[in-house]
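What follows is a single structure, written as C-alpha cells, with notes after it.
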Amino acid sequence: MIKITDKTKCCGCGACSQVCPKNAISMQADSEGFLYPKIDENKCIQCGLCVKTCPILNNKKQNFIPKVYVAKNRNTETQKQSSSGGIFSVLADYVLEKNGVVFGAAFNKNWEVEHCFIKKKEDLGKLRRSKYVQSNTLKTFIEAKKFLESGRHVLYTGTPCQIAGLKSFLGKNYDNLITSDIICHSVPSPDIWKKFLEQNYDVNKIIKIDFRDKKDGWNKSKLYFYFQDGKIEPKDNRMSSFRIGFGEALFCRPSCHSCYFKGNNRYSNFTLGDAWGYVDYASEMFDKNGLSVIFVNNTKAEEIFNKLRKNLIYKQVSAEKVIKYNPYYNISVKPHQKQQEFFNRYQKESINKLIKELTYRPLWKRILGKIKRVCKKFFKI
Ligand SMILES: Cc1cc2nc3c(=O)[nH]c(=O)nc-3n(C[C@H](O)[C@H](O)[C@H](O)COP(=O)(O)OP(=O)(O)OC[C@H]3O[C@@H](n4cnc5c(N)ncnc54)[C@H](O)[C@@H]3O)c2cc1C
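Residue numbers (this note's numbering): 1 to 381.
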C-alpha cells in the first residue's frame with residue numbers, strides 16, 4: 001500500500017485513490033492544506049495497485065523534441081476571456097465539435113478549485129482562466145476513463161503532474177484522448193486560499209474571481225474579485241497579497257520544489273504557457289488581449305495542431321528562446337526562504353499580514369530588482 005514518507009514525492013494527483021478497487025484510499029488535507037492519500041487499512045486488500053499507479057514512483061522518462069509556437073486565438077472575445085492567448089479554448093472547441101467532453105479546473109460554489117467536465121461550449125467559461133490554487137481531481141480520472149471506453153473524444157487539461165497521474169491511471173493509450181498541461185510555476189495550498197478568502201471577503205457575495213484579469217492588459221494581469229453590489233477589489237489597482245505570495249512561492253506544495261514532470265519529461269500532447277519573452281522572439285505579435293506559447297509535444301499533437309492552424313494566428317519559434325523567459329518549463333520553483341515560517345504561523349494569524357510581512361523587501365532592494373528587470377528586457381543583459 002502507498003505510504004507517504006517524503007512529501008516531496010507526492011504531487012496529490014489522486015491517481016492512487018481513484019484506482020483503488022476497494023475505495024480504501026481517501027485524499028485528505030495535511031496541516032498545510034494539501035491533499036495526501038490516507039489508507040483505510042480495514043478496507044485495503046494489499047493489491048498494490050496504488051503503488052503501481054503513482055506517477056512519481058513509476059515515472060518513465062519521456063523524451064521528445066517539441067515544436068514550439070507563439071500563438072493567439074483568432075476569436076478576440078475568447079482570447080480576452082482566457083489567461084493567455086486562448087489556446088485552451090481552441091483545443092476544447094475541437095473536441096466539443098466532435099461531441100466530446102472537456103475536463104479542466106473550475107471554481108465550485110464555495111470558490112474552491114476542483115476538476116470537472118463540460119460537454120457544451122456554453123460551459124467552457126468555467127474552465128477558462130488559470131486558478132492559482134491546487135485543483136482537486138476528485139473522481140475525474142474515473143469519469144474520463146468511462147467516456148474514453150464508450151468511444152467519446154476527451155480533452156483532459158491540468159498541471160503536468162495531473163496529466164502524468166491520469167495517464168498512469170489509464171495504463172494505456174487511447175486514440176480518442178487529447179491531453180494538455182501548462183508551464184507550471186507551482187500550486188498553492190487550497191487551505192491558504194480558503195482562509196484568505198474568508199478573512200478578506202464576504203464569500204457569498206463574490207460573483208467572479210479572475211486571477212488573470214486583463215483590465216490593464218495581459219502582460220499586467222492581476223487578481224481581481226467582483227461582488228454582487230458592483231464592487232471590485234483590490235480598489236487601488238494593487239497586486240493582491242495572495243497573488244504576491246503565489247509569485248514568491250510562499251505557500252506552494254512541497255512536491256513543486258522538485259517537480260518530476262519538467263522539461264520534456266511530460267506526458268501531455270500539448271503544453272501551454274504565456275509568451276512572456278515575446279519582445280525577443282515575436283514583438284510584432286504583441287497583443288494586450290493575450291499571447292501564448294504552445295509546445296506541440298508529439299506526432300499526435302502535431303496532427304491535431306495542423307487541423308487547428310486556421311483558428312490561430314501563430315509563428316514557430318525556438319524552444320530555447322521561449323524557455324529563457326519561461327524558466328519553470330524546465331526548472332522547479334525554489335521555496336521562499338520564509339515558507340516554513342509561513343506554514344507554522346498561518347493557522348493563527350492573518351494571511352494578508354503574514355504575506356506582507358514575510359515577502360517585505362526594503363525600497364532599495366525593490367528598486368534594484370526593477371533596474372535588473374529593465375536591463376534584462378531592453379539590453380538583454
Ligand atoms: C497553477 C498554474 C501555474 C502556472 N504557471 C505558469 C508559469 O509559470 N508560466 C507560464 O507561462 N504559464 C503558467 N501557467 C499557465 C498560464 O497561466 C495559462 O493557463 C496557459 O497559458 C493557458 O492559457 P490559455 O489562454 O490558453 O487558456 P485558459 O482559458 O486560461 O485556460 C485555462 C487552462 O488552465 C487549466 N487550469 C486552470 N487552473 C488550473 C489549476 N489550478 N490546475 C490545473 N489546471 C488549471 C484549465 O483546466 C484550462 O485548461 C500556469 C497556470 C496555472 C493554473
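Note that CB positions come from ideal geometry on N, CA and C, so glycine has one too.
- The C-beta separation of residue 135 from residue 105 comes to about 4 Å, placing the pair in contact by the 8 Å criterion.
- Here residue 2 has 16, 37, 50 and 51 as same chain residues with Cβ atoms under 6 Å from its own Cβ, once five neighbours each way along the sequence are excluded.
- Residue 299: member of the alpha helix (DSSP H) spanning 299 to 308, first to last residue.
- Of the candidates 328, 30, 95 and 67, 30 places its Cα closest to the Cα of residue 192.
- Where residue 345 is concerned, the enclosing alpha helix (DSSP H) starts and stops at 339 to 345.
- Of all C-beta pairs linking the segment 279 to 289 to the segment 306 to 319, three or more are shorter than 8 Å, placing the two stretches in contact.
- Under the three-state reduction of DSSP, residue 30 is assigned to coil, being neither helix nor strand.
- Taking 8 Å as the upper bound for CB-CB distance, residue 85 and residue 290 are in contact here, some 5 Å apart.
- Judged by DSSP secondary structure, residue 71 falls within the beta strand (DSSP E) whose first and last residues are 67 to 73.
- A Cβ-Cβ separation of about 10 Å leaves residue 346 out of contact with residue 358 under the 8 Å criterion.
- Under the three-state reduction of DSSP output, residue 106 falls in the strand class.
- In terms of side-chain proximity, the C-beta atom of residue 179 is found no nearer than 7 Å to any non-hydrogen atom of ligand 1.
- Looking only at 20, 65, 35 and 367, the smallest Cα-Cα distance to residue 43 is reached by 20.
- Residue pairing by DSSP places residue 293 opposite 70 and 273 in a beta bridge.
- Take residue 308, set aside five residues on each side of it, and the residues of its chain with a beta-carbon closer than 7 Å to its own are 90 and 94, in chain order.
- Taking C-alpha positions only, residue 152 is separated from residue 351 by approximately 44 Å.
- Here the C-alpha atom of residue 225 lies approximately 14 Å from the C-alpha atom of residue 129.
- When DSSP states are grouped into helix, strand and coil, residue 37 belongs to the strand group.
- Counting other Cβ atoms within 10 Å of its Cβ, residue 306 stays below 16 and is therefore classed as exposed.
- Annotation for residue 83 indicates a beta carbon within 7 Å of some heavy atom of ligand 1.
- In terms of CA proximity to residue 327, 275 leads the group 275, 300 and 288.
- In this structure, residue 76 keeps its C-beta atom at 8 Å or more from the C-beta atom of residue 182.
- Excluding the 5 residues flanking it on each side, residue 232 has same chain C-beta neighbours closer than 8 Å at 224, 225 and 226, in chain order.
- The three-state reading of DSSP puts residue 368 in helix, counting H, G and I together.
- Per DSSP, reduced to three states, the secondary structure at residue 256 is helical.
- In terms of Cβ geometry, residue 62 and residue 264 form a close pair [threshold 8 Å].
- Secondary structure at residue 188: strand, using DSSP grouped into helix, strand and coil.
- By the 16-neighbour rule on beta-carbons within 10 angstroms, residue 364 is exposed.
- Ligand 1 approaches residue 87 closely enough that one of its heavy atoms is under 7 Å from the residue's Cβ.
- In this structure residue 97 does not touch residue 190 by the C-beta definition: roughly 33 Å separates them, more than the 8 Å allowed.
- Each residue's CA atom was taken as its position, placing residue 23 and residue 323 some 41 Å apart.
- The count of Cβ pairs closer than 8 Å, one atom from the segment 66 to 75 and one from the segment 292 to 307, reaches three, so the stretches are in contact.
- In the structure shown, residue 181 falls within a strand segment according to DSSP collapsed to helix, strand and coil.
- The three-state reading of DSSP puts residue 78 in helix, counting H, G and I together.
- Relative to ligand 1, the beta carbon of residue 46 is positioned no closer than 7 Å to any heavy atom.
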